[in-house]
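Trainee: For the sequence shown, position 87 matches number 87 in full-length UniProt numbering, and the numbering has no gaps at all. The C-beta atom is built at its ideal place from N, Cα and C for all residues, glycine as well.
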Amino acid sequence: MPSEKKSQHRVAVIGGGPAGLMAAEALIAQGIAVDLYDAMPSVGRKFLLAGKGGMNLTHTEESAAFFSRYGTREAQITPMLQGFGPETLRAWVHHLGIPTFVGSSGRVFPTDMKAAPLLRAWLKRLRDAGVAFHMRHRWLGWDEARHLRFATPEGEIALHADAVVLALGGASWARLGSDGAWLPLLVQQGIDAAPLKPANCGFDIAWSEHFRQRFAGQPIKSVIASCIAIDGSETKRQGECMVTATGIEGGLIYALSAPLREHIAKYGNVILHLDLAPGKTLERVLAEVASGRGSRSMASHLQSKVGITGVKAGLLRECASKEDYADPRKLAHAIKALPLTLHATRPIDEAISSAGGVMFEALDEHLMAQNMPGVFCAGEMLDWEAPTGGYLLTACFASGRSAGLGAATWLQAKMVESAD
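1) For residue 42 and residue 10, I'd like the C-alpha separation in whole angstroms.
2) Buried or exposed for residue 394, going by 16 or more other Cβ atoms inside 10 Å?
3) What does a CB cutoff of less than 7 Å around residue 151 pick up in its chain, not counting 5 residues either side in sequence?
4) Using alpha carbons as the reference points, say which of 17, 380, 100 and 25 lies closest to residue 58.
5) Give me the residue from 277, 233, 276 and 243 with the minimum Cα distance to residue 258.
6) Contact defined as beta carbons within less than 8 Å: I believe residue 36 pairs with residue 13. What is the distance between those atoms, to the nearest angstrom?
7) Of all the options 419, 402 and 164, which has the alpha carbon lying nearest to the alpha carbon of residue 79?
8) Report buried or exposed for residue 167, applying the criterion of at least 16 other Cβ atoms within 10 angstroms of its Cβ.
9) Can you list, in chain order, the residues of its chain whose CB lies under 8 Å from that of residue 193, leaving out five sequence neighbours each side?
10) Helix, strand or coil, according to DSSP, for residue 315 in the structure here?
11) Do residue 338 and residue 274 have their CB atoms nearer than 8 Å?
12) Go through its chain and collect everything with a Cβ distance to residue 22's Cβ below 6 Å, but skip five positions before and after it.
13) Going by the beta-carbon positions, is the gap between residue 143 and residue 149 smaller than 8 Å?
14) Are residue 17 and residue 165 close, meaning C-beta to C-beta below 8 Å?
15) Going by DSSP, name the residue or residues bridged to residue 59.
16) For residue 394, which three-state DSSP category applies?
17) Three-state secondary structure (DSSP) at residue 376?
18) Going by C-alpha to C-alpha distance, which of 146, 214 and 127 sits closest to residue 315?
19) Is the segment 227 to 245 close to the segment 364 to 379, with three or more CB pairs under 8 Å?
20) If you reduce the DSSP assignment to three classes, tell me which class residue 3 lands in.
21) Identify whether residue 90 lies in helix, strand or coil by the three-state DSSP scheme.
22) Anyone know if the C-beta pair for residue 285 and residue 335 falls short of 8 Å?
23) Bridge partners for residue 238 per DSSP, in chain order?
24) For residue 349, which of helix, strand or coil comes out of DSSP?
25) Less than 8 Å between the C-beta atoms of residue 340 and residue 272, yes or no?
26) What residue from 417, 410, 416 and 419 has the CA that sits closest to residue 162's CA?
27) Taking only the alpha-carbon atoms, compute the straight-line gap between residue 249 and residue 200 and give it to the nearest angstrom.
Right, dumping it as structure tokens:
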């Protein structure tokens, strides 16, 4: 709800995803007028797309584990989450009239699993509070007078704002508005930003034509994936993934995408190991592989003894050598740590999210650009990444709120200064 005390200031929020909308809500609650601009015909397009597979809002795991999901940017993201974390986010959703439930994995979803009802309720509340929405306004940077430039259906316009919150997204799913075109505009202003890279993405593998035609599109269930990061540490996760015509993707792969991507960037490729029989020890697999198979084929033997069938059997044939099949010990090792060579990430526009962006070192604790007072940044355009599971969305909400409150605090401080 808007504050009783009205301000004479107007803030431009540029970007209508979760971070921008949350910044607008934080500002309007302080009695500050808000104009929200977006290049698309409507807001929240990527948010709605994410909801098509079930709107995963956040996660219920304990705080330390949740904060750790942000990797090298944990220290920067944690204070925002402490102000608006998973429990607060869930209560906020309930206040919009949207009930939620916790899935078996600890993930939080709206009861109807949809994003659209939540977005509709939120937009109504923002409009009722006084937020003005301006669609089909593509931000072009600043003119010489520091006015905001926008391309609109009626032509280019320049507008003044007392402060600006940029929430322009990353560079994945460009057709939904996140195209990364803002990055050179900020770099030209001296705001340090890391190159945008795919995150939560698939990877290319040079499958044989036989394997590709037979198994592309099939899920690989119940496996453990592991890889060695460039610092020598091992990352390991259990879950499911999917064979694609070009390689491999899915939740299990997304969880490892950061170390896999960085290893490829440094060395040109990376080895991903799959444990095809995670419920069995190496010793047990060896004993079962080495046991007599009589007249049965090796494929039938592995299916009967180890449970290797379907796409798992195809993977083993694809990646293990004839010598491995001739030696029970080598074959057992291949089953427990099958090496897949990943050559490249899939294009950034296919990724669920992107890494890189405005560096926290270029911002103050309120997410304001140190060399551009009154310009705040939020959401996926910041230099952080996290796996799927509600972590991405939660941090977008939290950073949008932080940037909105930061802009309000900065404007209030300016009012005090001018009064003095």
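Mentor: On the basis of the data shown:
1) Counting from 1 along the sequence shown, the entry for residue 42 is found at position 42. Counting from 1 along the sequence shown, the entry for residue 10 is found at position 10. One C-alpha to the other measures close to 22 Å.
2) Along the sequence shown, read from residue 1 onward, the residue named residue 394 stands at position 394. Looking at its Cβ environment, which holds 16 or more other Cβ atoms inside 10 Å, residue 394 is buried.
3) Start at 1 with the first residue of the sequence shown, and residue 151 comes out as number 151. So the list reads 138 and 140, once near-sequence residues are dropped.
4) By 1-based counting over the sequence shown, the position of residue 58 is 58. Measuring from the Cα of residue 58, the nearest candidate turns out to be 100.
5) Here residue 258 is taken as the residue at index 258 of the sequence shown, counted from 1. When only C-alpha atoms are compared, the closest one is 233.
6) Mapped onto the sequence shown, residue 36 falls at position 36. Mapped onto the sequence shown, residue 13 falls at position 13. Between residue 13 and residue 36 the Cβ distance is about 5 Å, and since that is below 8 Å, they are a contact.
7) Position 79 of the sequence shown, counting from 1, holds the residue named residue 79. Checking every option, the nearest Cα to that of residue 79 belongs to 402.
8) Stepping through the sequence shown from its first residue, residue 167 is reached at position 167. The residue is buried, with at least 16 neighbouring Cβ atoms inside 10 Å.
9) Here residue 193 refers to the residue found at position 193 when the sequence shown is read from its first residue. Taken in chain order, the residues that qualify are 183, 186, 187, 356, 357, 358, 359, 362 and 383.
10) In the sequence shown, residue 315 corresponds to position 315, counting from 1. Helix at residue 315.
11) Mapped onto the sequence shown, residue 338 falls at position 338. Mapped onto the sequence shown, residue 274 falls at position 274. Closer than 8 Å, so yes.
12) To locate residue 22, count along the sequence shown from 1; it is residue 22. Contacts found: 397, 400 and 401.
13) Taking the first residue of the sequence shown as position 1, residue 143 is located at position 143. Taking the first residue of the sequence shown as position 1, residue 149 is located at position 149. Closer than 8 Å, so yes.
14) Start at 1 with the first residue of the sequence shown, and residue 17 comes out as number 17. Start at 1 with the first residue of the sequence shown, and residue 165 comes out as number 165. Cβ atoms of residue 17 and residue 165: not closer than 8 Å.
15) The residue given as residue 59 occupies position 59 in the sequence shown. Bridge partners of residue 59: 107.
16) As a working mapping, residue 394 is identified with position 394 in the sequence shown. The answer is helix: DSSP assigns residue 394 an H, G or I state.
17) As a first step, residue 376 is located in the sequence shown; it is residue number 376 there, counting from the start. Residue state, collapsed to three classes: strand.
18) Taking the first residue of the sequence shown as position 1, residue 315 is located at position 315. Nearest C-alpha to residue 315: 214.
19) no
20) Residue numbering aside, residue 3 sits at position 3 when the sequence shown is read from its first letter. Legend: pLDDT at residue 3 = 46, less than 50; position of this residue unreliable, no value from coordinates given.
21) Against the sequence shown, residue 90 aligns to sequence position 90. Reduced to three states, the DSSP call for residue 90 is helix.
22) Numbered from 1 along the sequence shown, position 285 holds the residue referred to as residue 285. Numbered from 1 along the sequence shown, position 335 holds the residue referred to as residue 335. Going by C-beta atoms, residue 285 is nearer than 8 Å to residue 335.
23) Along the sequence shown, read from residue 1 onward, the residue named residue 238 stands at position 238. Paired residue(s): 224.
24) By 1-based counting over the sequence shown, the position of residue 349 is 349. Reduced to three states, the DSSP call for residue 349 is helix.
25) In the sequence shown, counting from the first residue as 1, residue 340 sits at position 340. In the sequence shown, counting from the first residue as 1, residue 272 sits at position 272. In contact: residue 340 and residue 272 (Cβ atoms closer than 8 Å).
26) On the sequence shown, residue 162 is found 162 positions in, with the first residue counted as 1. The shortest C-alpha separation from residue 162 is found at 410.
27) By 1-based counting over the sequence shown, the position of residue 249 is 249. By 1-based counting over the sequence shown, the position of residue 200 is 200. Whole-angstrom Cα-Cα distance: 9 Å.
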